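Just below is one structure, and these are the notes that go with it.
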Amino acid sequence: MVTSLYSLEVEKLSWPKGDTFLTFLQHYNINNKLYFDLEKEDKELCSEIRAGARYYLTKNENNELVQVLIEVSEEMQLQIYKDDDGYKFTTVPIVFDEVVETVTIPITLSPYQDILNQTSNSELANEFIRAYSGSVNFKYMRKNDKIIIKYRQKVRMGQYHGTPEIISSVVQIRKKKYFIFKNEDDGRYYNDKGKSLTSYFFKVPLTYSRISSRFTKKRWHPVLKRYRAHLGIDYAAPRGRAIYSAANGRIIFRGRKGGYGNVIKIAHKNGYVTLYAHQSRFKSGLKRGSRVRKGQLIGYVGTTGVSTGPHLHFGLYKNGRAIDPSRIIRVTKTKLKGTAKKKFLKYTKSLAQELMEKKDEPTQKVLNLKKIESKSILKSKA
Ligand SMILES: [Zn+2]
3 MVTSLYSLEV EKLSWPKGDT FLTFLQHYNI NNKLYFDLEK EDKELCSEIR AGARYYLTKN
63 ENNELVQVLI EVSEEMQLQI YKDDDGYKFT TVPIVFDEVV ETVTIPITLS PYQDILNQTS
123 NSELANEFIR AYSGSVNFKY MRKNDKIIIK YRQKVRMGQY HGTPEIISSV VQIRKKKYFI
183 FKNEDDGRYY NDKGKSLTSY FFKVPLTYSR ISSRFTKKRW HPVLKRYRAH LGIDYAAPRG
243 RAIYSAANGR IIFRGRKGGY GNVIKIAHKN GYVTLYAHQS RFKSGLKRGS RVRKGQLIGY
303 VGTTGVSTGP HLHFGLYKNG RAIDPSRIIR VTKTKLKGTA KKKFLKYTKS LAQELMEKKD
363 EPTQKVLNLK KIESKSILKS KA
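Read in our numbering, the sequence shown has 277 at position 275, and its numbers run on one by one without any break.
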């Protein structure tokens, strides 16, 4: 898609598989000093560029790069721009709106297909199926059984942006109702009795000396006068310290990854992925596709990729979106108890009522946001 910005063309593109921040610089004849001079946190962010990520390119009439904005998370993008003394790097927050929708969906085909038909939001359909996985057998659903979902969705320039968040939902099969609610305190789904629908947990992947950098989606840096992000936890530990898989899963990446150095990525149940960066070396005998168990040795702490002291950068992703690992690791119970349970039940009681009030509402037509074309990238420049 091409739109006009002053006299320049802005192209909206999707990041090619196999390309990195450095290959991008090379392609546009930008000195790679721009990358090597970056601070550790920014170098790590450059390694968060994923194949398929959206980016917006502006070139001048001589086909030189004037500006590029590259999405690295739902909230942050990298910006390279040219001024009088050459190319500069900065990070820019993505401007988006959030809408909260409640949809009532009678079953005609299957939950996945009906959610998709009704909302044109495949991410919502995926998240719904994942949230209920193992707790409801959808094959017992019959025509005219119902699903009601209340969810929060980011919207950017007239398009769905990122993964929707289910706030509350109910599946009604004949007379029986199956509720789920997201608990804001730990980001997990629970039923109406306060029982967790996810019965496995992540383990801290090493014995560490201290946490040298915490997770932050977007933090104002008063000296640099811009927002920065750190999409994981840095655990400082001596070189060679053992790193263990945080949960059962399968290795989906094992190799070099820019600022992250030697990286292993492991896919787990329910759309979770963990990332272990800066390793000095990998445990031998493991490769892409290998199954690993929770607590299994996968590699050793090092400093590859960045030049500060030895540490493990540990990332956690849900449906491709970076989330704070400390929220998931901290939780050790499958059932809420005591005051946490009281608070949760109070919070969910009104949500359940609200959902059931919508049960006889006619099928609403949700705005098909994806059909609206984006007009300009000016709004995304904060
Ligand atoms: Zn880090």
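Note that beta-carbon positions come from the ideal geometry of N, C-alpha and C, so glycine has one too. Note that this is a predicted model, so its numbers are computed, not measured.
| Query | Result |
| --- | --- |
| Report yes or no: do three or more beta-carbon pairs, one from the region 36–48 and one from the region 231–241, lie closer than 8 Å? | yes |
| Could you give the distance in angstroms between the alpha-carbon of Val157 and the alpha-carbon of Thr336? | 33 Å |
| Check Lys289 in the structure and name its three-state DSSP category. | coil |
| Compute every distance between the C-beta of Ser215 and the non-hydrogen atoms of ligand 1, then say whether any falls below 8 Å. | yes |
| Using only CA atoms, which one of Val70, Leu47, Ser49, Asp362 lies nearest to His29? | Val70 |
| Whole angstroms are fine: how far does the CA of Thr25 sit from the CA of Trp17? | 12 Å |
| Given the structure, does Glu43 come close to ligand 1, in the sense that its CB is under 8 Å from one of the ligand's heavy atoms? | yes |
| Is Gly234 near ligand 1, judged by its Cβ being under 8 Å from some heavy atom? | yes |
| Please give me, in chain order, every unbroken run of the beta strand (DSSP E) with length at least 3 that falls completely inside the region 150–230. | 161–175, 178–185, 190–192, 212–215, 218–223 |
| Got a sec: does ligand 1 put a non-hydrogen atom nearer than 8 Å to the Cβ of His223? | no |
| Compute the beta-carbon to beta-carbon distance between Gly273 and Cys48, rounded to the nearest angstrom, for a pair I have assumed lies under 8 Å. | Between Cys48 and Gly273 the Cβ distance is about 24 Å, and since that is not below 8 Å, they are no contact. |
| Under a three-way DSSP split, which group does Ala279 fall into? | strand |
| Taking 8 Å as the cut-off, is the CB of Ala279 close to at least one heavy atom of ligand 1? | yes |
| Could you give the DSSP three-state label for His270: helix, strand or coil? | coil |
| Going by alpha carbons, who is nearest to Phe183 out of Glu363, Leu357, Lys361, Asp362? | Leu357 |
| Residues in its own chain within less than 8 Å of Gln281 by CB, not counting five upstream and five downstream? | Ile245, Gly263, Asn264, Val265, Ile266, Gly301, Tyr302, Val303, Gly304, Thr306, Leu314 |
| Could you please give the first and the last residue of the uninterrupted beta strand (DSSP E) stretch that includes Ser16? | 10–16 |
| Determine the direct distance from the alpha carbon of Ser211 to that of Gly257, and round the result to whole angstroms. | 26 Å |
| What does the alpha-carbon distance come out to for the pair Tyr142 and Ile151? | 19 Å |
| Taking the C-alpha atoms as reference points, what is the distance between Ile96 and His232? | 15 Å |
| With Pro113 as the anchor, note down where its alpha helix (DSSP H) starts and where it stops. | 113–121 |
| Tell me whether Phe255 is buried or exposed, calling it buried when 16 or more other Cβ atoms sit within 10 Å of its Cβ. | exposed |
| Take the Cβ of Arg243 as the centre, count every other Cβ of all protein chains shown within 10 Å, and call the residue buried at 16 or more, exposed below. | buried |
| Would you say the beta carbon of Glu46 is closer than 8 Å to some non-hydrogen atom of ligand 1? | yes |
| Can you tell me whether Leu59 is helix, strand or coil according to DSSP? | strand |
| Check whether the Cβ atoms of Ser247 and Pro207 sit closer than 9 Å, and answer yes or no. | yes |
| Under 8 Å from any heavy atom of ligand 1, does the C-beta of His315 make it? | yes |
| Distance check for Arg329 and Gly189, CA to CA, integer angstroms please. | 7 Å |
| Between which residues of its own chain and Tyr180 is the CB-CB distance below 6 Å, once the five residues before and five after are set aside? | Val138, Val173 |
| According to DSSP, is Pro108 helix, strand or coil? | strand |
| Can you tell me whether His163 is buried or exposed? The criterion is at least 16 other CB atoms within 10 Å of its CB, across all chains shown. | buried |
| Measuring only the C-alpha atoms, how far is Lys19 from Ile51? | 10 Å |
| So, helix, strand or coil for Met358, using DSSP? | helix |
| Alpha carbon to alpha carbon, what distance is there between Gly88 and Tyr37? | 13 Å |
| Residues in its own chain within less than 6 Å of Arg132 by CB, not counting five upstream and five downstream? | Asn272, Gly273 |
| Would you list, in sequence order, the uninterrupted alpha helix (DSSP H) runs of no fewer than 4 residues that lie entirely inside the region 295–344? | 327–332 |
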